[in-house]
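Structure record follows, encoded as structure tokens.
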Amino acid sequence: MAATKVSLKLLIDTKGDRVLFAEAGKDFVDFLFHILSLPVGTVVRLLSKESMVGCLGGLYGSIENLSETYIQPNQTKDSVLMPKSPHSAPEVPLLLPHEGESSSSSSSSTRALYKCVNHISNGYGSPYQQCCGYAADDPRAVCPSCNNLMHTQLKYVAAPPAVTTTDQARTTSSGEGGYVKGVVTYMVMDDLVVKPMSTISSITLLNSFNVKELGALEEKVVDVTMDEGVKLLKFSLQSKAVLTDVFLGKKQLA
Numbered sequence: 540m541a542a543t544k545v546s547l548k549l550l551i552d553t554k555g556d557r558v559l560f561a562e563a564g565k566d567f568v569d570f571l572f573h574i575l576s577l578p579v580g581t582v583v584r585l586l587s588k589e590s591m592v593g594c595l596g597g598l599y600g601s602i603e604n605l606s607e608t609y610i611q612p613n614q615t616k617d618s619v620l621m622p623k624s625p626h627s628a629p630e631v632p633l634l635l636p637h638e639g640e641s642s643s644s645s646s647s648s649t650r651a652l653y654k655c656v657n658h659i660s661n662g663y664g665s666p667y668q669q670c671c672g673y674a675a676d677d678p679r680a681v682c683p684s685c686n687n688l689m690h691t692q693l694k695y696v697a698a699p700p701a702v703t704t705t706d707q708a709r710t711t712s713s714g715e716g717g718y719v720k721g722v723v724t725y726m727v728m729d730d731l732v733v734k735p736m737s738t739i740s741s742i743t744l745l746n747s748f749n750v751k752e753l754g755a756l757e758e759k760v761v762d763v764t765m766d767e768g769v770k771l772l773k774f775s776l777q778s779k780a781v782l783t784d785v786f787l788g789k790k791q792l793a
């Protein structure tokens, strides 16, 4: 089962009151990469439309308030408001609330299929036997066999969670799920740029940050839970100093 909490080691410049970078394992990097696969509707819902910067919150709210009368019969508002991620890597840490629940509910609500009243055959040789071979996603469709409306909804049966060929190959070859390999320690910059960790790159970075006093540097291990996960998502859309804003409280959520 995917973790609901991961650890992160921060290197903090106490004099400048900023996070220089973080040492992270594959679990945290997998979570950051997973953010890029989230549909826009999911991002707006997770962050709450009232606090969204720009117009997306208003657009989301207008769809919420729109009567179903104006929606195409083969569509639902949930397909936009609570969309299912097009790609899901196995074993990504669950650091965003209710994401999985909305995906499953959306999946079932958007798969509405309809049959005609004669869908069940009355026996071999019945004139309605061919009706069994037809289904429609619009209740106004007409059965090509008996010319009745196909407005009787079929019961949807969800398939077990599928593992894509790509995910299966990744898991089989490395023995791990997620996006990146776990044998490497990763460096995550304050602006969420990710690169493999190395001693040489760390020394070079300290020079580029113009750190004069090594004694002012402090290591701090923090836990990343769902609360921090939502903040990371929020600040990634607003800030160039995400780790500083989330873990040092430099900026309040809008």
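Take the sequence shown: its position 181, counting from 1, is numbered 720 in my numbering, and each next residue is one higher. For every residue, glycine included, the Cβ atom is placed at its ideal position computed from N, Cα and C.
Leu635 is the residue among Leu635, Tyr653, Gly597, Pro622 whose C-alpha sits nearest the C-alpha of Phe570. Here Val719 is not near Val727, since their CB atoms are 8 Å or more apart. The continuous stretches of beta strand (DSSP E) do not include Phe786, which lies in the alpha helix (DSSP H) extending over residues 781-786. In the DSSP annotation of this structure, Arg557 is not part of any alpha helix (DSSP H); the continuous beta strand (DSSP E) holding it starts and ends at 557-563. CA-to-CA, the gap between Met689 and Asp676 works out to about 9 Å. Scanning Gly716, Phe786, Leu756 for the CA closest to the CA of Val631 turns up Gly716.
Using a C-beta cut-off of 8 Å, the region 755-767 makes no contact with the region 586-594, since fewer than three inter-stretch Cβ pairs fall below that distance. In terms of Cα proximity to Gly564, the closest of Asn686, Phe786, Pro612, Ala542 is Ala542. The straight-line gap separating the alpha-carbon atoms of Lys770 and Leu782 is approximately 10 Å. With a contact defined as Cβ atoms closer than 8 Å, Ile574 and Ser775 qualify at about 7 Å. In the DSSP assignment, Asp552 falls outside any alpha helix (DSSP H) and within the unbroken beta strand (DSSP E) covering 545-552. Going by C-alpha positions, Ile551 is about 10 Å away from Phe786. Between the alpha carbons of Val619 and Pro612 lies a gap of roughly 14 Å. Lys759 sits in a strand when the DSSP states are folded into three classes. In the DSSP secondary-structure assignment, Gln692 is bridged to Tyr653. For Val727, no alpha helix (DSSP H) encloses it; the enclosing beta strand (DSSP E) starts and ends at 725-728. Lys623 sits in coil when the DSSP states are folded into three classes, being neither helix nor strand.
Counting the other Cβ atoms within 10 Å of the Cβ of Tyr725 gives 16 or more, which makes it buried.
In the three-state reduction of the DSSP assignment, Lys773 falls in the helix class. For Val733, the pairing in a beta bridge is given by DSSP as Val727.
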